[in-house]
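Student: The structure follows.
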Amino acid sequence: MTNRHPRTFVRLAFTDTASLAYLCLVAAISGIVAYDLVVTRSSGGLVGVRLFFVTLPTSLVLLAPLVDSTSADPLSLWTIRALLLVSALVQSLVIGAVHGAITEVVRERRRRSAP
Numbered sequence: 000m001t002n003r004h005p006r007t008f009v010r011l012a013f014t015d016t017a018s019l020a021y022l023c024l025v026a027a028i029s030g031i032v033a034y035d036l037v038v039t040r041s042s043g044g045l046v047g048v049r050l051f052f053v054t055l056p057t058s059l060v061l062l063a064p065l066v067d068s069t070s071a072d073p074l075s076l077w078t079i080r081a082l083l084l085v086s087a088l089v090q091s092l093v094i095g096a097v098h099g100a101i102t103e104v105v106r107e108r109r110r111r112s113a114p
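Numbering that gives the first Met the number 0 numbers the first residue of the sequence shown as 0 and each following residue consecutively.
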């Protein structure tokens with residue numbers, strides 16, 4: 000593995016415009032959830048559901064193997080936090096890759112149509 004792969008991951012997940020906007024959205028919702036839990040002393044019933052909605056496709060895929068309907072033990076809070084963090088990073092990477100691919104297609108079409 001060359002040094003190029005980690006830089007490509009960082010470029011797609013953190014520096015791409017679309018992925019950076021997505022990560023800012025996740026951070027803003029995390030701040031709202033933290034405010035609801037700490038400042039307003041909310042009961043916490045459905046407060047954290049917003050984080051699952053914003054990371055939905057990936058968080059469900061990652062959560063499904065961990066949830067066992069026969070087990071009465073709930074997942075730890077740190078496990079859920081780590082799962083949400085990984086979900087946000089994976090989705091940010093995918094958003095960055097898709098945005099980069101679309102941008103490249105648009106640039107190529109502009110080059111071909113330019114006189």
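By construction, the Cβ of each residue, glycine as well, lies at the ideal position given by its N, Cα and C atoms.
In whole angstroms, what separates the C-alpha of Val25 from that of Phe51?
Tutor: Counted from its first residue, the sequence shown places residue 25 at position 26. Counted from its first residue, the sequence shown places residue 51 at position 52. The straight-line gap from Cα to Cα measures roughly 10 Å.
Student: Under the assumption that Val46 contacts Leu36 (Cβ atoms under 8 Å), give the Cβ distance between them as a whole number of angstroms.
Tutor: By one-based count along the sequence shown, residue 46 stands at place 47. By one-based count along the sequence shown, residue 36 stands at place 37. Yes, they are in contact, since the Cβ atoms of Val46 and Leu36 sit about 6 Å apart, within 8 Å.
Student: Compare the beta carbon distance of Thr57 and Val104 with 9 Å and say whether it is the shorter of the two.
Tutor: Locating residue 57 in the sequence shown gives position 58, where the first residue counts as 1. Locating residue 104 in the sequence shown gives position 105, where the first residue counts as 1. No.
Student: Counting only the same chain and skipping the five closest in sequence on each side, list residues whose C-beta sits under 8 Å from that of Val32.
Tutor: Translated into positions along the sequence shown, residue 32 becomes position 33. For Val32, where only same-chain residues beyond five positions count, the Cβ hits under 8 Å are Val46, Gly47, Arg49, Leu50.
Student: At the level of alpha carbons, what is the spacing between Thr102 and Thr16?
Tutor: Here the question's residue 102 lines up with position 103 in the sequence shown. Here the question's residue 16 lines up with position 17 in the sequence shown. Rounded to whole angstroms, Thr102 to Thr16 spans 11 Å at the Cα level.
Student: Could you tell me whether the Cβ atoms of Leu82 and Leu62 are closer together than 9 Å?
Tutor: Position 83 of the sequence shown, counting from 1, holds the residue named residue 82. Position 63 of the sequence shown, counting from 1, holds the residue named residue 62. Their beta carbons are under 9 Å apart, which means Leu82 touches Leu62 by this criterion.
Student: Helix, strand or coil for Thr1? Go by DSSP, reduced to three states.
Tutor: Your numbering for residue 1 matches position 2 in the sequence shown. Its pLDDT being 43, under 50, Thr1 is placed unreliably by the model, and nothing is read from it.
Student: Where do the ends of the alpha helix (DSSP H) carrying Pro56 lie?
Tutor: Translated into positions along the sequence shown, residue 56 becomes position 57. Element bounds for Pro56: 55-62.
Student: Specify the secondary structure class of Val46 as computed by DSSP and reduced to three states.
Tutor: Working through the sequence shown from its first residue, we reach residue 46 at position 47. Coil, per DSSP.
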